[in-house]
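> With my numbering, you'll find the sequence shown wraps up at 183, consecutive numbering, no jumps.
All residues carry an ideal CB built from backbone N, CA and C; glycine is no exception.
From a predicted model like this one, the values you see are computed outputs, not experimental measurements.
Below are the structure tokens for one structure; questions will follow.
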Amino acid sequence: KAGFTNYPVKIANAAFRRAVEYSGKKDKFTIYDPCCGGGYLLTVLELLNP
């Protein structure tokens, strides 16, 4: 549907931030995308977490 994200950005951002906090790292993350379709989501995560 037009205007809606492919995956809920709020949930993905919360999961990403929890993973960052858990890992203790400050930069240089590697993200594995087993679904081969997360380019959109990864772009949004980068924009929300510069």
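Whole angstroms is fine: what's the gap from Asp160's alpha carbon to Leu175's?
Roughly 15 Å separates the two Cα atoms.
> Should Phe149 go down as buried or exposed, given a rule of 16 or more other Cβ atoms within 10 Å for buried?
That one is buried.
> Could you give the first and the last residue of the continuous alpha helix (DSSP H) run that contains Lys143?
142 to 156 is the extent of the alpha helix (DSSP H) around Lys143.
> Would Asn146 and Leu178 qualify as a contact pair, given that the criterion is a beta-carbon distance under 8 Å?
Result yes, Cβ atoms of Asn146 and Leu178 sit closer than 8 Å.
> Whole angstroms is fine: what's the gap from Asn182's alpha carbon to Tyr165's?
Approximately 17 Å, taken between the alpha carbons.
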